[in-house]
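>
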Amino acid sequence: ISSLLGFVAVVVGATLLHGLVVLPLIAKFFGGVGPLRLFTKAAKPLMVAFATSSSLATLPVSIATAEDDLDVSQTVAGFVLPLGATMNMDGTALFEGIAAVFLAYLFGIELSTVAMITVFLMAMVSSIGAPGMPSGSMAGMQMVLLGAGIPLEAIGILLVIERPLDTIRTAVNVEGDMVGALVVQRQLGRV
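Residue numbers (my numbering): 744 to 934.
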């Protein structure tokens with residue numbers, strides 16, 4: 744139980760670090776929107792994402808918020824946000840990578856530095872194809888586990904805590920989509 748709680752703490756910490764530090768810095772320096780404005784204006788889609796655990800269910804709210812509150816053009820919002828809802832899964836990639844390392848530890852499988860890098864690269868690739876629905880990351884998790892030589896039965900361990908972690912991940916995924924739209928909008932404004 745203590746190992747599982749430690750895993751949850753690491754996943755929550757890494758996801759919050761990404762969502763509260765990394766993405767706001769990207770929004771500020773590359774999207775021209777400060778963290779306070781980002782969080783106050785994007786609060787509604789982030790809450791919907793947290794409540795539904797679905798990037799796709801959040802998409803209409805994300806598009807409306809980007810256009811109405813964050814001054815993203817209809818063209819950019821209509822292209823970047825649907826693409827992001829299906830392919831930009833920052834939180835999912837973090838979860839899958841950390842989960843694979845945790846499960847390898849539990850099963851006594853030693854991962855070299857190269858193997859860990861491979862696991863995280865596979866997690867990034869599998870997150871691109873993860874469905875934007877609740878617990879969608881479990882499908883891609885199989886590829887990551889197989890690549891690391893971890894038995895697929897290990898997924899059962901994750902199912903116990905996957906749903907609460909999914910809510911946080913989805914909010915960060917949606918935040919990443921919003922930040923992506925801001926960055927594209929700003930870059931197009933410079934052309």
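Just so it is clear, CB atoms sit at the ideal spot from N, CA and C, and this is done for glycine as well.
Can you give the Cα-Cα distance for Ser-880 and Gly-777, rounded to whole angstroms?
For the purposes of this step, residue 880 is taken as the residue at position 137 of the sequence shown. For the purposes of this step, residue 777 is taken as the residue at position 34 of the sequence shown. The alpha-carbon atoms of Ser-880 and Gly-777 are separated by roughly 30 Å.
> Between which two residues does the alpha helix (DSSP H) containing Val-868 stretch?
Walking along the sequence shown from the start, residue 868 turns up at place 125. Start and end: 856-871.
> Let me know the secondary structure DSSP gives Asp-812 once reduced to three states.
On the sequence shown, residue 812 is found 69 positions in, with the first residue counted as 1. Of the three classes helix, strand and coil, the one that applies to Asp-812 here is coil, per DSSP.
> Does DSSP classify Ser-880 as helix, strand or coil?
The residue you call residue 880 lines up with position 137 of the sequence shown. Ser-880 falls in the helix class under three-state DSSP.
> Report the residue from Leu-895, Leu-837, Ile-852, Phe-845 whose alpha carbon sits nearest the alpha carbon of Asn-916.
In the sequence shown, counting from the first residue as 1, residue 916 sits at position 173. It is Leu-837.
> If you pair each beta-carbon of the stretch 756-767 with each one of the stretch 885-902, do three or more pairs fall below 8 Å?
At 8 Å Cβ cutoff, the stretches do not touch.
> Taking Cβ to Cβ, would you say Thr-913 is nearer than 8 Å to Ser-797?
Residue mapping note: residue 913 aligns to position 170 of the sequence shown, counting from 1. Residue mapping note: residue 797 aligns to position 54 of the sequence shown, counting from 1. Against a cut-off of 8 Å, the Cβ pair of Ser-797 and Thr-913 comes out as a contact.
> Can you check which of these residues, Glu-896, Val-903, Val-815, is closest to Phe-750 by C-alpha distance?
Start at 1 with the first residue of the sequence shown, and residue 750 comes out as number 7. Among Glu-896, Val-903, Val-815, the Cα nearest to that of Phe-750 is on Val-903.
> Return the first residue and the last residue of the alpha helix (DSSP H) that Pro-788 is part of.
Start at 1 with the first residue of the sequence shown, and residue 788 comes out as number 45. That run of the alpha helix (DSSP H) goes 786-795.
> Check whether the Cβ atoms of Thr-808 and Ala-785 lie closer than 8 Å to each other.
Taking the sequence shown and counting its residues from 1, the one referred to as residue 808 is at position 65. Taking the sequence shown and counting its residues from 1, the one referred to as residue 785 is at position 42. Yes.
> Tell me whether the beta-carbon of Ala-767 lies closer than 8 Å to the beta-carbon of Leu-781.
By one-based count along the sequence shown, residue 767 stands at place 24. By one-based count along the sequence shown, residue 781 stands at place 38. Note that residue 767 corresponds to Pro in the displayed sequence, not to Ala. Yes, the pair counts as a contact, with Cβ atoms nearer than the cut-off.
> Which residues in the same chain have their Cβ closer than 7 Å to the Cβ of Ala-924, if we skip the five residues on either side of it in sequence?
As a position in the sequence shown, residue 924 is number 181, starting the count at 1. If we look at Ala-924 and ignore the five residues flanking it on each side, its Cβ neighbours are Ala-809, Val-815, Val-819, Ala-820, Val-823, Leu-824.
> Output needed for Phe-845: all residues of its chain with C-beta closer than 6 Å, excluding positions within five of it in sequence on either side, in chain order.
The sequence position of residue 845 within the sequence shown is 102, counting from 1. Answer for Phe-845: Phe-750, listed in chain order.
> Which class does Phe-782 belong to by DSSP, given the choice of helix, strand or coil?
Working through the sequence shown from its first residue, we reach residue 782 at position 39. Helix, per DSSP.
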